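To convert, take the position in the sequence shown, counting from 1, and add 11; that gives our numbering.
The beta-carbon is built from N, C-alpha and C at its ideal position, and this holds for glycine as well.
Everything numeric in this text was worked out from a predicted model, so none of it was measured.
Shown next, in C-alpha coordinates, is the structure this report addresses.
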Amino acid sequence: MPEFTIQKVINAPQKAVWEKLSDFGNVHIFHPMVEKSVLSGDKACGLGDRRTCTFYNGKGHVDEEVTGYVEGKSMTVKLLGGLGIIGNSTS
(Lines of atoms letter the chains of each structure in order from A; the text may use other names.)
(Lines give C-alpha, C1' and ligand atoms only; values in the text may rest on other atoms or scores of the structure.)
Protein backbone atom coordinates (compact mmCIF):
# COMPACT_ATOMS: atom_id res chain seq x y z
CA MET A 12 0.00 0.00 0.00
CA PRO A 13 1.34 3.47 -0.84
CA GLU A 14 2.31 5.63 2.10
CA PHE A 15 2.69 9.36 2.54
CA THR A 16 3.57 11.72 5.37
CA ILE A 17 2.06 15.10 6.06
CA GLN A 18 3.91 17.50 8.33
CA LYS A 19 2.71 20.87 9.54
CA VAL A 20 4.43 23.43 11.73
CA ILE A 21 2.10 24.67 14.47
CA ASN A 22 3.15 27.83 16.27
CA ALA A 23 2.34 26.58 19.79
CA PRO A 24 4.14 24.76 22.60
CA GLN A 25 4.57 21.03 21.94
CA LYS A 26 2.77 20.14 25.17
CA ALA A 27 -0.33 22.15 24.19
CA VAL A 28 -0.45 20.60 20.72
CA TRP A 29 0.03 17.08 22.07
CA GLU A 30 -2.78 17.56 24.61
CA LYS A 31 -5.19 18.18 21.71
CA LEU A 32 -3.88 15.44 19.41
CA SER A 33 -3.72 12.78 22.11
CA ASP A 34 -7.34 13.39 23.15
CA PHE A 35 -8.27 10.75 20.58
CA GLY A 36 -11.99 10.71 21.33
CA ASN A 37 -12.42 14.45 20.93
CA VAL A 38 -11.02 15.07 17.44
CA HIS A 39 -14.29 16.87 16.63
CA ILE A 40 -13.16 19.75 18.86
CA PHE A 41 -10.42 20.83 16.41
CA HIS A 42 -11.18 19.03 13.12
CA PRO A 43 -13.51 21.20 11.03
CA MET A 44 -15.12 18.29 9.13
CA VAL A 45 -15.81 15.97 12.10
CA GLU A 46 -19.17 16.47 13.80
CA LYS A 47 -18.83 13.67 16.36
CA SER A 48 -16.22 11.15 17.50
CA VAL A 49 -17.03 8.09 19.60
CA LEU A 50 -14.38 5.92 21.30
CA SER A 51 -14.89 2.18 21.34
CA GLY A 52 -12.33 1.70 24.13
CA ASP A 53 -12.05 3.03 27.65
CA LYS A 54 -8.77 4.96 27.34
CA ALA A 55 -8.31 8.55 26.20
CA CYS A 56 -5.57 7.53 23.77
CA GLY A 57 -3.12 4.71 23.33
CA LEU A 58 -2.10 1.77 21.21
CA GLY A 59 -5.10 -0.20 19.99
CA ASP A 60 -7.71 2.45 20.77
CA ARG A 61 -10.47 2.88 18.18
CA ARG A 62 -12.92 5.62 17.29
CA THR A 63 -15.67 6.33 14.79
CA CYS A 64 -15.71 9.84 13.33
CA THR A 65 -18.96 11.13 11.83
CA PHE A 66 -18.69 13.96 9.33
CA TYR A 67 -20.89 17.04 8.91
CA ASN A 68 -23.39 17.39 6.05
CA GLY A 69 -24.13 13.67 5.81
CA LYS A 70 -20.70 12.89 4.34
CA GLY A 71 -20.50 9.57 6.21
CA HIS A 72 -18.00 8.29 8.76
CA VAL A 73 -14.63 6.57 9.19
CA ASP A 74 -13.48 3.98 11.70
CA GLU A 75 -9.91 4.46 12.95
CA GLU A 76 -7.41 2.66 15.19
CA VAL A 77 -4.20 3.84 16.87
CA THR A 78 -1.48 1.51 15.55
CA GLY A 79 1.57 3.45 16.75
CA TYR A 80 1.96 5.66 19.80
CA VAL A 81 4.94 7.46 21.34
CA GLU A 82 3.75 9.66 24.22
CA GLY A 83 4.36 13.33 23.53
CA LYS A 84 5.89 12.71 20.11
CA SER A 85 3.89 10.75 17.54
CA MET A 86 0.77 8.78 16.82
CA THR A 87 -0.09 6.58 13.83
CA VAL A 88 -3.77 6.15 12.99
CA LYS A 89 -5.06 3.48 10.61
CA LEU A 90 -8.33 4.04 8.73
CA LEU A 91 -10.21 0.76 9.05
CA GLY A 92 -13.33 1.52 7.08
CA GLY A 93 -16.22 3.80 6.49
CA LEU A 94 -15.98 6.03 3.44
CA GLY A 95 -15.46 3.82 0.42
CA ILE A 96 -13.12 6.27 -1.27
CA ILE A 97 -10.63 6.06 1.60
CA GLY A 98 -10.43 2.30 1.91
CA ASN A 99 -7.79 0.93 4.28
CA SER A 100 -5.23 3.67 4.98
CA THR A 101 -2.76 4.66 7.68
CA SER A 102 -2.02 8.24 8.68
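Proximal residues to residue i (C-beta, below 7 angstroms), its chain only, five neighbours per side dropped
i     : result
LEU32 : MET86
ASN37 : SER48
ASP57 : Note that residue 57 corresponds to Gly in the displayed sequence, not to Asp. VAL77, TYR80.
Distance, residue j Cα to residue i Cα
i     : j     : result
PRO43 : LYS84 : 23 angstroms
ILE21 : VAL28 : 8 angstroms
LEU94 : HIS72 : 6 angstroms
ALA23 : HIS39 : 20 angstroms
Collapsed DSSP secondary structure at residue i in the structure displayed
i     : result
LEU32 : helix
GLY93 : strand
VAL77 : strand
VAL88 : strand
GLN18 : coil
ALA27 : helix
Those residues which DSSP pairs with residue i across a bridge
i     : result
CYS64 : SER48, VAL73
Own chain residues within Cβ distance below 6 angstroms of residue i, not counting five before or after
i     : result
LEU50 : GLY36, ARG62
PHE41 : LYS31
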